[in-house]
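Following this note's numbering, the numbering of the sequence shown begins with 345 at its first residue and continues without gaps.
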Amino acid sequence: SVITNEKTLEKHFYGNDIARPKFAIMNPELTMTLPDYQTACGAIDILMHTQERYFTNGGNMEMTDLIAEGLMRNVIASAKVLVKDPKNYDARAEMMWAGSLSHNGLTGCGNDGGDFACHVMEHEMGAIYDVAHGAGLAAIWGSWARYVYKDCLHRFVRFATNVMGVEAVGTDEEIALKGIEALEAFYREINMPTNFRELGVEAKDEELREMASKAMGFVGGSQGSAKVLYEADMYEIFKMAL
C-alpha cells in the first residue's frame, strides 16, 4: 500500500504479508472500462514488480527465472492485444492473473530479495508531480537500466534474449543494451513514456536533488541489488531521464 502527503510532498509505501487479503475474487470484466492509459500503466507496474525481483546479483533459482520470464513475456503480449482490443477477455484475464503472481513473492523466490530502486525513485516523482505510477516507472526505467546494467550484465543479457527476443549476436553489453531498447520500444507501442519529457514533466535540478535525497532518506542511505545505489547515483539517474 502507498500513502501520499500532498502538503509535505511525501509518498511512502508499506508492505507486509499480514496486509494481504485472505482471498480475492478476480473478474477481468471489471477492468474492461479502464481507460487505455490506465491499462498501460497497470501493465508497466506488473512488469516492474517482476523485473525488480529478476535483476539481482543475489541467489540463483532457475525455476523462478523461468516463471518470471514467462510472466513478463505474457504481460507484454497481453498489453499489445489490449492496445488494439481493450475488451479482449482473454488478454484481460492474463493481465489480471499476472498482476497477482507478479507481486506475491513468487517471481523472486530463491533469488535473494530484489532491486526496488525504480519504485523508490518513482514514489518521489509521484509525490512532486501529478503522474500515474506506471507511467513514472516507464519514464525512469531506461535510465536506471543503462546506469546499472554493467554491474548485473548476466541478468540483462538473459532478459534481452529470453524475454525480449533479442538475437544473441555481438558482445554481452551490446545484447543487454538491445534488450533495454526493445523494452523501451514496447513502452512507446502502448503509449507509455520513456523519459521525463515524454511524461510531460519539466523537472528542475533542485527537484531532482530533493527526490534523490528523500528517496535515500526513506530507505536508509542505499538501495539496490543489480547495483547498490546511493543518493548521488539516484541524482544521476534522474538527470539521465530528463
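For each residue, glycine too, the CB sits at the ideal point set by N, CA and C.
Proximity to Met465 across Tyr433, Gly449 and Glu554 peaks at Glu554, based on C-alpha coordinates. With a cut-off of 8 Å on Cβ pairs, the region 441-454 is not in contact with the region 550-570, counting fewer than three such pairs. Val419 sits close to Ala387, with the two beta carbons spaced by under 7 Å.
Put simply, the region 449-458 does not touch the region 534-545. Fewer than three CB pairs are less than 8 Å apart. Counting only runs that start and end inside the region 386-412, there is no alpha helix (DSSP H) element of at least 4 residues.
Restricted to the region 512-582, the alpha helix (DSSP H) segments that are unbroken, complete and at least 4 residues in length are 516-533, 540-543 and 549-563, listed in chain order. Per DSSP, the unbroken beta strand (DSSP E) holding Ile347 starts and ends at Val346 to Asn349. The alpha-carbon of Ala483 is positioned some 28 Å away from that of Gly403. Residue state for His463 is assigned as helix, using DSSP reduced to three classes. In the three-state DSSP reduction, His498 falls in the helix class (H, G or I).
Secondary structure note for Glu354: it is in no alpha helix (DSSP H), and the uninterrupted beta strand (DSSP E) holding it is Glu354 to Phe357. CA-to-CA, the gap between Lys366 and Thr383 works out to about 25 Å. For Val507, same chain residues with a beta-carbon under 7 Å away, outside a window of 5 residues either side, are Glu413, Met416 and Arg417 in chain order. Taking the C-beta atoms as reference points, Ala461 is found no nearer than 7 Å to Leu543. For the pair Asn360 and Lys571, the Cα-to-Cα distance works out to about 24 Å. Around the CB of Arg499, 16 or more other CB atoms lie within 10 Å, so the residue is classed as buried.
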